[in-house]
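Numbering (our numbering), first residue to last: 3 to 237.
Virtual Cβ for every residue (Gly too), placed ideally from N, Cα, C.
Report on the structure given below.
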Amino acid sequence: MAGNEQTTKLYTELAQNPNKDFDGGKGLANEFRQTHWDTLFRTKDYTHVLWHQESPIISFNLIQEYASKEDFIIDVGCGASFLVDNLIESLYKNLTLLDISQTSLELVKKRLQENGSVPTYICSDILNFKSSKKFNLWHDRAVFHFLLQKKERDKYFEILKDSLHLGGVAIISTFRVGGQTQCAGLDIVQYDEDKMKAELPQGMELLSYDEFVHHTPKQTQQEYCAFVIRKTSES
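Here is the structure:
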């Protein structure tokens with residue numbers, strides 16, 4: 003089966019059964035993820051990668067809507083995003099940046115200069131993360147959609163739920179159904195409202211779903227969607 007045909011078949015199967023593993027996709031074993039992303043941030047100008055945003059306005063606006071300046075916020079898979087610059091400029095101060103790539107975290111700290119000490123930096127695979135504190139808001143732009151296996155997605159939500167205060171909010175953005183099937187050379191899982199609802203564990207409620215288009219540094223477009231999810235119970 004040709005590569006494109008095989009990928010289409012796999013996405014069709016996953017859309018019909020959201021509990022299915024995305025077997026056969028081009029993903030990365032846990033032990034290779036850090037190498038992949040460290041290499042990418044060492045060898046490429048992060049302002050030229052397709053997912054880069056000069057102004058992360060959608061994430062920023064959602065954070066402003068759901069978090070106060072004193073709230074504890076974690077940006078999961080932050081990469082070298084400018085989101086933290088915008089948050090610091092707007093006087094958010096309880097910020098944690100988590101990424102699997104130490105290289106990306108070092109790039110951010112250097113770029114922030116005198117504000118480099120404002121965030122807490124954590125280098126970790128999200129599936130191995132255990133928080134020592136609770137957060138009011140969890141932000142994830144395009145980490146969740148790399149999790150091809152159902153057990154990984156279940157683990158992700160277990161960690162997310164454990165990391166949030168009761169009533170806390172998660173903002174998760176992914177490629178949407180009908181859009182791109184790869185990011186950074188890796189297969190992803192596309193989502194829409196129904197598919198995300200099927201992933202949510204007990205005690206997590208979808209508050210909103212919106213679609214948007216990201217205009218890349220190469221003048222192409224990527225089809226995204228953003229989910230706002232609230233933790234409604236500890237059980």
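Buried or exposed by the 16-neighbour rule on C-beta atoms within 10 Å, applied to residue i
i       : result
Ile-59  : exposed
Gln-192 : buried
Gly-81  : buried
Gly-170 : buried
Thr-45  : exposed
His-217 : exposed
Phe-214 : exposed
Beta-carbon proximity of residue i to residue j, cut-off 8 Å
i       : j       : result
Val-86  : Leu-97  : yes
Tyr-123 : Leu-107 : yes
Leu-150 : Asp-194 : no
Trp-140 : Leu-162 : yes
Ser-175 : Cys-227 : yes
Phe-177 : Gln-224 : yes
Ala-144 : Gly-79  : yes
Ile-76  : Phe-146 : no
Gln-104 : Asp-47  : no
DSSP state of residue i mapped onto helix, strand, coil
i       : result
Phe-177 : strand
Ala-228 : strand
Gln-36  : helix
Thr-234 : coil
Ser-61  : helix
Gln-184 : strand
Leu-168 : strand
Ile-75  : strand
Tyr-68  : helix
Continuous alpha helix (DSSP H) stretch holding residue i: start and end
i       : result
Leu-105 : Reading off the sequence, residue 105 comes out as Thr, not Leu. 104-114 is the span of the alpha helix (DSSP H), which, as asked, contains Thr-105.
Val-86  : 85-91
Limits of the beta strand (DSSP E) - the one that residue i falls within
i       : result
Ile-124 : 122-125
Ser-210 : 206-217
Asp-101 : 97-101
Contact belief for residue i with residue j at Cβ below 8 Å, rounded distance in angstroms
i       : j       : result
Met-206 : Ile-173 : With 8 Å as the limit, Met-206 and Ile-173 do not qualify as a contact, their Cβ atoms being about 13 Å apart.
Asn-130 : Ile-90  : That pair is no contact at about 27 Å.
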